[in-house]
Structures are given as structure tokens and as C-alpha cells.
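These notes are about the structure you will find just below.
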């Protein structure tokens, strides 16, 4: 087998992540590696912690990037907070709620499921009933922004229900962080994990997490060791703690990926997180106008729709996979397929981070209109990118 | 807090990893991200599998990089193969054997420890006794190349003892892969994990692993689900399996880090793995000649010394931390401290991957001689870099 260097094709990433990455972040990524105990690296780690405090809107001491993808960030929350015999109430309205149940059960705990239809948010009444019916539950786990459906749930209200019953909250903010408000302290969230390859527009592979002091007390007071050595926060804090000179080796940090995270967080700080939220909302409005012109419908009601992830219902008779293939082959544009219960029924168009721009919205709409027309599919009144321009330039 | 872009200081990495990275690999790392389900990315994943077969000298179907550091690679071997109630014989002759015990116990299994002094290899007689005394043990776990001591153990002999007793073998090859022979198939190793930031000279953050068909049968026949959802090989294979079009999403792959791994493996293939082993041995000989000239001793007997990781005994009365600090501040050279039982007693000088070069050996010796002289420490006959040249240019 002869193998040559790999040169990726030119793409515009508008799926559920990864999103396009700014050249500043790619340049940071490609800088020479230094040691994970180098004094200058440790100063940079402290800056990352401070920048994550800003992104998460928290002062939680235990705020750091787990050295593995969002799925491991999720697992870090469950294995640290949940012990064998515990009960956890899990809200399920898409793929990632289901994954939370897997995590709870693999900790030897019991998951009480609160299930809602895919495409709808967590039903607060159903959750309140589950909390009342399970007063001994340790935590309520939910997905703030369901990447599989494009739905946002009411994190503040969910957290209040849990807190009033003395339960911890565990929140998935993989797709929301940096794209729509994530207010850890204001909402009293006890454990939250996110991803880097969505609205932060960094490379995939690490997962920012934050734990409240209440969660820390639970972790310190455990009866059993955390079942994962790699994700044991008691040990990880020995490396990420603030006393620079006393840092102890746990594992070799993903040095270059942390350079990239640092740069993407500096860019978020420079833009201002509120401005980033507004930008994601504005480009969503423009995309929506264009989709409307094409007669295409969004799956999710406006009241709980995520601006950064737009789930578009595939019209009757249209070959959804062919549309995605043509978008990729003819224009180099990646849009996402449906997952799980929505496979084959929707497209997922991401407008995340650097991919939330006038350029992305305009080109995606023009390409989609062209491909649908070429395949003989209905395109409503047409003029999708013109409709978007009216919003973008208003 | 105002935070600016981070620019790493100029370093020459000669500790226990990460090692210096070639510009080809850094350039690959910094290329634009594409989707983890992009058809071209999937072709690249297949190439990585083929290149890892070559690096590990195996035909094992389940050979892939875990999306997290070597510690998670270790954990992936234990959580997939070990179930609650199992017994595992663990050979301990340094930090990483101890970490294996943590892994076994966190799986709800019992670890039978075979302990040897730090700086010596696994004692085959002691291991044989432990195997005889625990005929029901499921596996024997050992560290091929102990990064904390610089010792190489006899993997072929250890594996034969285990196999003759019908036990699986789990091997840590984090520091050996690419630097000294790792012959998975010839040695009949059932599960092996490695790192990328040592002799492969790639960025830290992912961990190549390989499982034999015998190990696969054990994983498929488990009584309990794997306790880690993120590291469950049954699920990971759904994404890394060879049928390109049927790949299922498990987690978002660390796309850019995989570009870098691909490039570092292409470079290993181009050099030839046997040539890489010879290169590591040659530069070790040169370093040894220079250390001898300075009157410095290597901790580990020649018969089981790792060429890529040289553990140097700190002479009586020398402030070892000050020597490391001066090497870093005056020359930008990172050498490693002792870990665990060897903390304060040794330096660890890595000659791994791109850091195994005439340039690294020569400059490190000259700098070390200069720093020791400046601190008033004994330096034997001196002329360390001259002594190295004689080997390098012979």
C-alpha cells in the first residue's frame, strides 16, 4: 500500500458540526508543540480557564476542557456525579437524551425517563410529575440544545424544578455554547459539558465542562471511586488546579488542540458573547426567509427553535440523500442528515460559529435552490437568496 | 482580563513526551477541517488503519486511534476486556503498571500484583509463579516500555507465559511504538495501546490501539455492557468499520488530529519502521557516550534499557530541579523529571521520534555540560558533545 499526504477537499461546513474554522485558530493549532508542564503552557491553561468562565457565564472553580470529545464530556459529568444505586431523572427529546440514559445505566444507576416527541422541548409538567414521583432522585439531566432536532429547552425552568426538589442538574450545552445564551450561574446548573466544534468554531476533540461547588462537594463525598480513571475529576483537578508550581501530571494534555481552543475563546471574547448570540439569531432569520421562499418548512416551532441548527423538513417525494450528495459534490457544501427517529425526514443546516455568516446563508440557499430545481423538486416562489438578502441587509 | 493570542516559546523537547513535531505534521494538522462523515475523510481513516497495521506489525482488524490520550487508550483496553468479578495479573515496575491496577479495580475486578523494583524489567519467574497461583485469571497486563523508568520488558516471553496458561495479554506500548520493535502478531499480544506524542512525533491527544480476534471474541461475549459508553469498542467499530457507506455516527472524530496522525504515519512508512528503530538506537549510543564523558550514569542496565528514554541518575549534591530549569531558560531544552519513586533522583532524557537526531543529542549534551559546570557540579572528563560526535560520525 502506498499512501501519500492527505489534502482535504475544499468544503463549506453547514451541518451539525464541525463548523468552519477561522484561519487564526488553524494557525494557532499548527504552532510548535511544547511540554504539557512547561511554565508558559501552564499560564496559557490558566487563561483558558478564565476564558471558559466567560463563555459559560460562571465563576465555577472547576471549569476546564476535558481532553476528549463531547461524548466524553458527557461521560465525565455522569461518572463523577452518579454512583451505583443512584436514581437520575433524564429528559429525552432526541438522540442525546437517549445517550444520557446509557451513561446513567452504565454507572450502575437507574434512569427515570421523561420522554417528549422529537422536535419538541422538554415538557415542564411531565418533568414536575417525575420529580414529585421520585423524591430520592439525585439529579435531573437534560439537553439544552438538542443537536438531533434543533430544539432548545427552557434550562432556567428545568433547573428551578430540580433545585426546588434538592436535586442536581446536569446539562448538555454542546450545540448552544457560544451560539445562544448559556448562563450557568444564573440558571444554577451543577454540571454542564459542551463541544468545541460547534459555535466556538474550534477543532473537534475536546470538551469544555463546568461543575458547581455543590457538584464538587458531591464528587468529594463519593462512596465509590469514579469508575473512569481518565475522567476522574478528583485527579484531573490536580493538573488543572490554579497553583501553577504544584501541578501534578495526570495525562498528557492535547497541547495543540488547547492552543486552538485558546484562540477561539479569545475571538469569542473579542466579539463579545452577546454579540455572538445576536449574530447567530440574525443569520437564522435570513436563512428562514430564504427557506420560506422555497416553500420549505422548519420542523421546530419558532418559540423553541435553535438559531444555530435549522431542521428542515424534506418535502414529499424528494430524495434527501441525493440533495445532500449534490450539495457536496457540486458546491462543496456539507449539510447534515437526520439522526435516529428523524433519519431520512429532515436536513440539518448548521449556522454555527464561523459558519454563521452572510456568505454561508446566501450561498447555501442559492445552491439548495439550484439543486432542488435540477432534481425537478418544487421550490415554492423561488428567489431564496434574494429573500435572505432582504434580512441580511435590513 | 485581557487575553491575547498565545505564541509558544521556542523549545527543543527532550523529555518523556511530547517530542518535537516535523513541520509536515504541523502543516497537516492546520489544514481546514472537514466533516467526520465526509467521504474523503472516511477514505483517509481507512489509510490510517492500514498505516497503523504497519506500525504495530499486525493484521488485527480492530486497529484504530482512540479519540483521547494514551490514558484513555489504556482504559479502553481494560473496560472492554475486564468485567466485574474478573481477576487480572498486573506487572508493576513503574508508574504505569500502578495505573493499570487502578483501571482493573475500577472495573470491579481484582488485580494480582507482580511487583519489581523501579528500573528493572518484569521478572519472568515471579510472573510464572503468579500465573500458576491464579489459574482463573483472565489476563496478564504489563508495560512494554516503562516511561517512568526507561525500562523495556521482554514482551515475547511475558506473552508466551500468559498464552500457555490461556490468558489474554494487555500491553502498554506508549513509549515503544515507532522507537523500538513492537511486534503485535509475532508476540501474540491481545490488546495494546500506544501514544502519538512519543516516537511517532505527532501531537498528543489520541491513542492508537489494536485488539486481536481473540480479544474481539471476549468483547462480543461480555455479560455486562462496557462501563464506558465513549470507549465501548462495540460502538466505536460501527464508525471505524471498513464498510464506508454504512458507517454510523458514534462521536465526532478529532478530524485535524487525525490529519496529523496520518502524516506522521506516512513519514514512518517512508522511513521504514526498522530504520526508525535503528535510528533511535544509534542516537541513544551517542547520548550514552556523552553522558559517560560527564561521569553520569544511566539508571537502567544495558540489557533492558530503552534507547528512546534515558534515565540519568542525578549525582549526589546536584540540585536536579535547578538543572532542568536552567536547561529550559538558557537553552529552551526540556528534559524530564523523575516520577513517583524516582522523583528528585533522575532526569529523563527523551530521544523520541523527531527528537532522536544528531542535533538533539549534540546540543543537549553541550548544554548539560555547560549548566553543570556553571552550577559547580562535577562533569567527569568533560567533552560530552565530542564524545557523542565520535559515535554519530562513525
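Residue numbers (the working numbering), protein chains in the order written: chain A, 701 to 1094; chain F, 701 to 1094.
Glycine included, each C-beta is placed from N, C-alpha and C at the ideal position.
Simplified DSSP state of residue i, which is helix, strand or coil
| i | result |
| --- | --- |
| residue 971(A) | helix |
| residue 890(F) | coil |
| residue 815(A) | strand |
| residue 808(F) | coil |
| residue 791(F) | strand |
| residue 731(A) | coil |
| residue 783(F) | coil |
| residue 1036(F) | strand |
| residue 994(F) | coil |
| residue 1023(F) | helix |
| residue 721(A) | coil |
| residue 918(A) | helix |
| residue 947(A) | coil |
| residue 1017(A) | coil |
| residue 962(F) | helix |
| residue 984(F) | helix |
| residue 878(A) | coil |
| residue 706(F) | coil |
| residue 862(A) | helix |
| residue 929(A) | coil |
| residue 830(F) | helix |
Continuous beta strand (DSSP E) stretch holding residue i: start and end
| i | result |
| --- | --- |
| residue 1047(A) | 1046 to 1050 |
| residue 713(F) | 712 to 714 |
Chain A contact residues for residue i, given Cβ-Cβ distances below 8 Å
| i | result |
| --- | --- |
| residue 727(F) | 730 |
| residue 903(F) | 733, 954, 955, 956, 957 |
| residue 740(F) | 708, 709 |
Residues that DSSP places opposite residue i in a beta bridge
| i | result |
| --- | --- |
| residue 845(A) | 852(A) |
| residue 908(A) | 765(A) |
| residue 1084(F) | Answer by DSSP bridge pairing: none, since residue 1084(F) is not bridged. |
| residue 871(F) | 842(F), 892(F) |
| residue 1010(A) | 1049(A) |
| residue 1005(F) | 851(F) |
Per-residue contacts from residue i into chain F (C-beta, under 8 Å)
| i | result |
| --- | --- |
| residue 1026(A) | Chain F residues near residue 1026(A): none, gap ~13 Å exceeds 8 Å. |
| residue 951(A) | 769, 770, 771, 772 |
| residue 959(A) | 706, 708 |
| residue 803(A) | 929 |
| residue 721(A) | 732, 733 |
Through-space distance from residue j to residue i, alpha-carbon basis
| i | j | result |
| --- | --- | --- |
| residue 1047(F) | residue 1022(A) | 60 Å |
| residue 819(A) | residue 1045(A) | 12 Å |
| residue 793(F) | residue 815(F) | 6 Å |
| residue 1002(F) | residue 754(F) | 28 Å |
| residue 736(A) | residue 1033(F) | 14 Å |
| residue 770(F) | residue 874(F) | 7 Å |
| residue 843(F) | residue 915(F) | 18 Å |
| residue 800(F) | residue 813(F) | 10 Å |
| residue 1056(A) | residue 1008(A) | 8 Å |
| residue 1013(A) | residue 1050(A) | 14 Å |
| residue 864(A) | residue 821(A) | 21 Å |
| residue 901(F) | residue 1083(F) | 30 Å |
Proximal residues of chain A, C-beta to C-beta of residue i below 7 Å
| i | result |
| --- | --- |
| residue 796(F) | Per Cβ cutoff of 7 Å: no residues; residue 796(F) is ~11 Å from chain A at best. |
| residue 897(F) | 952 |
| residue 764(F) | In chain order: nothing, as chain A lies at least about 15 Å away. |
Terminal residues of the alpha helix (DSSP H) in which residue i lies
| i | result |
| --- | --- |
| residue 1043(A) | Note, residue 1043(A): premise wrong, no alpha helix (DSSP H); not H, not E. |
| residue 753(F) | 739 to 756 |
| residue 1058(A) | 1058 to 1074 |
| residue 940(F) | 933 to 940 |
| residue 999(A) | Element bounds for residue 999(A): n/a, residue is neither H nor E. |
| residue 953(A) | It is not in any alpha helix (DSSP H) - residue 953(A) carries neither H nor E in the DSSP assignment. |
Beta-carbon neighbours of residue i, restricted to chain F and to distances below 7 Å
| i | result |
| --- | --- |
| residue 652(A) | With chain A covering 701 to 1094 only, the question about residue 652(A) has no answer from this structure. |
| residue 980(A) | Here the premise fails: no neighbours, minimum Cβ distance about 19 Å. |
| residue 925(A) | 806 |
| residue 744(A) | 706 |
| residue 747(A) | 703 |
Within chain F, partners of residue i - CB distance below 9 Å
| i | result |
| --- | --- |
| residue 1030(A) | None at all; the shortest Cβ gap to chain F is about 14 Å. |
| residue 1059(A) | By Cβ distance, chain F contributes nothing, its closest Cβ being about 15 Å from residue 1059(A), past 9 Å. |
Contacts of residue i in chain A (Cβ-Cβ under 9 Å)
| i | result |
| --- | --- |
| residue 962(F) | 703, 705, 706 |
(request) Taking only beta carbons into account, state which residues of the region 1045 to 1057 of chain A come closer than 8 Å to chain D, listed in chain order. (result) This model lacks chain D altogether; the protein chains it does include are A and F.
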